[in-house]
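Note sheet for the following structure.
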Amino acid sequence: MNPNVLKWAREAAHLSLEEAADKLCITGAGPAGGVEKLKAYESGEREPPRGLLLEMSKRYRRPLLTFYLAEPPRKGDRGEDFRTTSRSYLSSENILVDAMIRNIKSRQATVRSALIDEDEAEPIPFAGSSRIADGVKQVAGSIQKTINFSLSEFRASPKAEDAFSLLRSKIEAKRVFVLLIGDLGSHHSSIDADIFRGFVLSDDIAPFIVINDQDSKAAWSFTLLHELVHIWLGRTGLSGGSPEQRIEKFCNDVASEILLPDDEILDISVAEGDFASAVERISDYAIPRKLSSSLVAYKLYRKGKINFSIWKKLDEHYRNLRREAKFNEKVRNKRETGPSYFTVRRYKLGNALVSLVERLVYSGALTATKAGMVLGIKPLKVHKLFDSRVKSTVRH
1 MNPNVLKWAR
11 EAAHLSLEEA
21 ADKLCITGAG
31 PAGGVEKLKA
41 YESGEREPPR
51 GLLLEMSKRY
61 RRPLLTFYLA
71 EPPRKGDRGE
81 DFRTTSRSYL
91 SSENILVDAM
101 IRNIKSRQAT
111 VRSALIDEDE
121 AEPIPFAGSS
131 RIADGVKQVA
141 GSIQKTINFS
151 LSEFRASPKA
161 EDAFSLLRSK
171 IEAKRVFVLL
181 IGDLGSHHSS
191 IDADIFRGFV
201 LSDDIAPFIV
211 INDQDSKAAW
221 SFTLLHELVH
231 IWLGRTGLSG
241 GSPEQRIEKF
251 CNDVASEILL
261 PDDEILDISV
271 AEGDFASAVE
281 RISDYAIPRK
291 LSSSLVAYKL
301 YRKGKINFSI
311 WKKLDEHYRN
321 LRREAKFNEK
331 VRNKRETGPS
341 YFTVRRYKLG
351 NALVSLVERL
361 VYSGALTATK
371 AGMVLGIKPL
381 KVHKLFDSRV
391 KSTVRH
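Laid out in structure tokens, this is it:
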């Protein structure tokens with residue numbers, strides 16, 4: 001075992017020797033005994049027991065096999081970071097994001113490899129088919145035509161999450177996998193929507209879109225279309241925060257043109273001097289159209305209907321409302337009995353991914369172990385997930 005890997009894993013987790021020794025419950029003689037013992041492990045003077053490696057795997061958020069590598073791996077590539085440059089992300093926040101991205105890239109790579117092995121790796125024609133120079137309306141039109149999107153059908157959905165499920169099914173029908181992931185397996189590792197709203201692995205065989213389900217349900221459709229634009233542009237990366245980068249503005253503009261065309265936004269009038277009235281007016285417009293209020297506010301700003309300061313104030317207001325709603329939802333879920341574990345899991349994974357993995361398992365192309373890795377569940381639960389059935393939408 002290379003002790004440099006132990007040191008690398010700790011430092012990559014942004015933990016000092018003192019913090020790591022405490023989290024790993026390493027003790028020794030004297031106040032600094034635990035730190036000295038950890039130093040000995042990292043210098044190669046002592047061989048760490050397997051139990052400690054298991055704990056390191058958990059605390060450092062690394063697969064156990066990582067600690068048996070000959071050399072520390074190179075820094076993982078999250079693709080382009082399209083998040084706002086004006087916001088500073090805590091190291092602990094980025095650790096969670098990087099761990100999530102590593103996990104998704106492993107899942108996607110397994111799916112891609114299996115499709116190639118099964119001679120099902122037919123290139124997706126729209127991946128990387130557009131450029132920013134093509135313009136918002138042309139790219140929006142290409143997406144609408146490809147996925148057979150009808151705005152009237154979308155808005156006729158009973159609720160925002162139903163509209164999302166409709167949109168998701170159309171996109172999954174074009175061989176794009178859409179997952180809802182907002183943590184690393186437990187609520188203790190939840191990743192706030194301010195840290196990331198979406199992530200896309202743009203690929204011409206097995207493109208993956210991840211939507212942070214910590215965000216409001218009304219925002220999911222916009223994020224899904226935003227990430228789909230990234231696939232049209234052939235750009236892998238992480239999205240979230242304010243749209244300050246050129247590519248983020250373009251993706252936002254295309255997504256908003258699909259859900260809220262320019263000619264409609266001209267009909268909205270907002271009194272900038274009355275903030276409470278503006279909030280009410282925007283909400284009254286957004287809800288029946290199955291849109292998030294933040295999307296309507298953004299579109300109003302982009303079209304010059306409200307100024308920058310009002311938009312930022314509205315944006316912060318909606319962020320606070322989202323956090324409050326999420327907290328209330330967690331409280332409600334503790335009191336009420338919701339859908340089964342497998343129903344929720346299947347909904348978050350998406351029918352496209354579950355159906356593909358099920359077919360690959362029964363054909364012998366994937367083992368239960370690999371299927372569990374792709375689905376984010378234990379191998380013993382794979383067939384139980386296959387046997388479950390899910391409605392188009394569930395509360396979770």
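Sequential numbering of the sequence shown, starting at 1, is according to UniProt numbering.
For every residue, glycine included, the Cβ atom is placed at its ideal position computed from N, Cα and C.
Values in this document were obtained by computation on a predicted structure and should not be read as measured data.
- Helix, strand or coil at T393 [DSSP, three-state]: As a working mapping, residue 393 is identified with position 393 in the sequence shown. At T393 the pLDDT is 42, less than 50, meaning the model places this residue with poor confidence and gives no usable figure here.
- Message: Can you list, in chain order, the residues of its chain with a C-beta nearer than 6 Å to that of R164? Leave out the 5 residues immediately preceding and following it.
- Response: Within the sequence shown, the letter at position 164 stands for residue 164. Correcting the residue type first, residue 164 is Phe in the shown sequence and not Arg. Cβ-Cβ distances below 6 Å link F164 to W220, S221 in the same chain, with the five nearest sequence neighbours on each side left out; the list follows chain order.
- Item | DSSP-derived helix/strand/coil call for V361 | As a first step, residue 361 must be located in the sequence shown, where it is residue number 361. Helix at V361.
- Task: State whether the region 123 to 140 contacts the region 211 to 220, with contact taken as three or more CB pairs (one from each stretch) at a distance under 8 Å.
- Result: The region 123 to 140 vs the region 211 to 220: no contact.
- Below 8 Å on the Cβ atoms is my guess for L180 versus K348; work out the distance and round it to an integer in Å. Residue mapping note: residue 180 aligns to position 180 of the sequence shown, counting from 1. Residue mapping note: residue 348 aligns to position 348 of the sequence shown, counting from 1. Confirmed, Cβ separation roughly 4 Å.
- Look up V136 in the DSSP assignment and say whether it is helix, strand or coil. As a working mapping, residue 136 is identified with position 136 in the sequence shown. Correct three-state label for V136: helix.
- Query: Hey, would you say L228 sits closer than 8 Å to L259, going by beta carbons?
  - Reply: On the sequence shown, position 228 is the one that residue 228 refers to. On the sequence shown, position 259 is the one that residue 259 refers to. No, the pair does not count as a contact, with Cβ atoms beyond the cut-off.
- Query: Can the beta-carbon of P207 be found closer than 8 Å to that of I143?
  - Reply: As a working note, residue 207 is residue 207 in the sequence shown. As a working note, residue 143 is residue 143 in the sequence shown. Not a contact, by the Cβ cut-off of 8 Å.
- Do you know whose CA, among K145, S190, R112, G364, lies nearest W232's CA? Locating residue 232 in the sequence shown gives position 232, where the first residue counts as 1. Ranking the options by Cα distance to W232, first place goes to K145.
- Can you grab the Cα-Cα spacing for the pair E264 / D315, in whole Å? For this step, residue 264 is matched to residue 264 along the sequence shown. For this step, residue 315 is matched to residue 315 along the sequence shown. Cα-Cα distance, rounded: 21 Å.
- Task: Check each candidate in R345, V344, E280 and name the one with the smallest Cα separation from A317.
- Result: Walking along the sequence shown from the start, residue 317 turns up at place 317. The sequence shown places His at residue 317, not Ala. Out of R345, V344, E280, the CA that lies nearest to the CA of H317 is found in E280.
- As assigned by DSSP and simplified to three states, the class of F126: Indexing the sequence shown from 1 puts residue 126 at position 126. Note: F126 maps to coil in three-state DSSP.
- Message: So, with DSSP's three-state summary, where would you put I101?
- Response: Here residue 101 refers to the residue found at position 101 of the sequence shown. In the structure shown, I101 falls within a helical segment according to DSSP collapsed to helix, strand and coil.
- Query: Would you report the Cα separation of P261 and S189, rounded to the nearest angstrom?
  - Reply: The count along the sequence shown starts at 1 and reaches residue 261 at position 261. The count along the sequence shown starts at 1 and reaches residue 189 at position 189. Taking the straight line joining both Cα atoms gives about 37 Å.
- Query: In three-state DSSP terms, what is S256?
  - Reply: Here residue 256 refers to the residue found at position 256 of the sequence shown. Secondary structure of S256 (DSSP, three-state): helix.
- Item | Beta-bridge partners of L375, as assigned by DSSP | By 1-based counting over the sequence shown, the position of residue 375 is 375. DSSP lists no beta-bridge partner residue for L375.
- Using only alpha-carbon positions, find the residue among L6, G237, D162 that is nearest to E55. Locating residue 55 in the sequence shown gives position 55, counting from the first residue. Taking only the C-alpha atoms, the option nearest E55 is L6.
- Task: Return the CA-CA distance between E11 and L96, expressed in angstroms with no decimal places.
- Result: Along the sequence shown, read from residue 1 onward, the residue named residue 11 stands at position 11. Along the sequence shown, read from residue 1 onward, the residue named residue 96 stands at position 96. Taking the straight line from one Cα to the other gives about 14 Å.
- Leaving out five residues on either side along the sequence, give the residues of the same chain with a beta carbon under 6 Å from the beta carbon of I26. The sequence position of residue 26 within the sequence shown is 26, counting from 1. Closer than 6 Å at the Cβ level, and outside the excluded window around I26, lie G34, K37, L38.
- Per DSSP, the bridge partner or partners of L179: The sequence position of residue 179 within the sequence shown is 179, counting from 1. DSSP output for L179 lists V210 as bridge partner(s).
- Taking C-alpha atoms, which residue in Y60, L24, V111, S57 lies nearest to L360? Within the sequence shown, the letter at position 360 stands for residue 360. Closest option to L360, Cα to Cα, is V111.
- Residue from N4, N2, E42, M1 whose Cα sits closest to the Cα of A21: In the sequence shown, residue 21 corresponds to position 21, counting from 1. Ranking N4, N2, E42, M1 by Cα distance to A21 puts E42 first.
- Query: What distance in whole Å lies between the Cβ atoms of Q108 and L238, which are believed to be in contact at a cut-off of 8 Å?
  - Reply: Counting from one through the sequence shown, the residue named residue 238 turns up at place 238. Counting from one through the sequence shown, the residue named residue 108 turns up at place 108. Incorrect: roughly 14 Å between the Cβ atoms, too far for contact.
- Message: Taking the beta carbon of residue 457 as the centre, do at least 16 other beta carbons fall within 10 Å, making it buried, or is it exposed?
- Response: Only positions 1 to 396 of the chain appear in the structure, and residue 457 is not among them; the question remains open.
- Could you spell out the range, first to last residue, of the alpha helix (DSSP H) harbouring A21? The residue you call residue 21 lines up with position 21 of the sequence shown. Counting along the chain, the alpha helix (DSSP H) containing A21 begins and ends at 17 to 23.
- Rank D253, E122, G273 by C-alpha distance to the C-alpha of D204 and give the top, closest one. Here residue 204 refers to the residue found at position 204 when the sequence shown is read from its first residue. Shortest Cα-Cα distance from D204 to any of D253, E122, G273 involves E122.
- Query: Anyone know if the C-beta pair for V382 and A365 falls short of 8 Å?
  - Reply: Within the sequence shown, the letter at position 382 stands for residue 382. Within the sequence shown, the letter at position 365 stands for residue 365. Contact flag unset, no.
- From L356 to D274, what does the alpha carbon distance come to, in whole angstroms? Position 356 of the sequence shown, counted from the start, is the residue given in the question as residue 356. Position 274 of the sequence shown, counted from the start, is the residue given in the question as residue 274. Taking C-alpha positions only, L356 is separated from D274 by approximately 52 Å.
- Item | Buried versus exposed, by CB contacts within 10 Å (16 or more), V331 | Locating residue 331 in the sequence shown gives position 331, where the first residue counts as 1. Exposed is the label assigned to V331, since fewer than 16 other Cβ atoms lie within 10 Å of its Cβ.
- Query: In whole angstroms, what is the alpha-carbon distance linking V254 and F177?
  - Reply: Residue numbering aside, residue 254 sits at position 254 when the sequence shown is read from its first letter. Residue numbering aside, residue 177 sits at position 177 when the sequence shown is read from its first letter. Rounded to whole angstroms, the gap between the alpha carbons of V254 and F177 is 20 Å.
- Would you call P63 buried or exposed, if buried means 16 or more other Cβ atoms sit within 10 Å of its Cβ? On the sequence shown, position 63 is the one that residue 63 refers to. That one is exposed.
- Message: Cutting at 7 Å between CB atoms, please list the residues of its own chain near V139, excluding the five before and the five after it.
- Response: On the sequence shown, position 139 is the one that residue 139 refers to. The answer, listed in chain order, is S130, V229, W232, V254.
- Going straight from the alpha carbon of A276 to that of A99, what length do you get? Locating residue 276 in the sequence shown gives position 276, counting from the first residue. Locating residue 99 in the sequence shown gives position 99, counting from the first residue. The straight-line gap separating the alpha-carbon atoms of A276 and A99 is approximately 40 Å.
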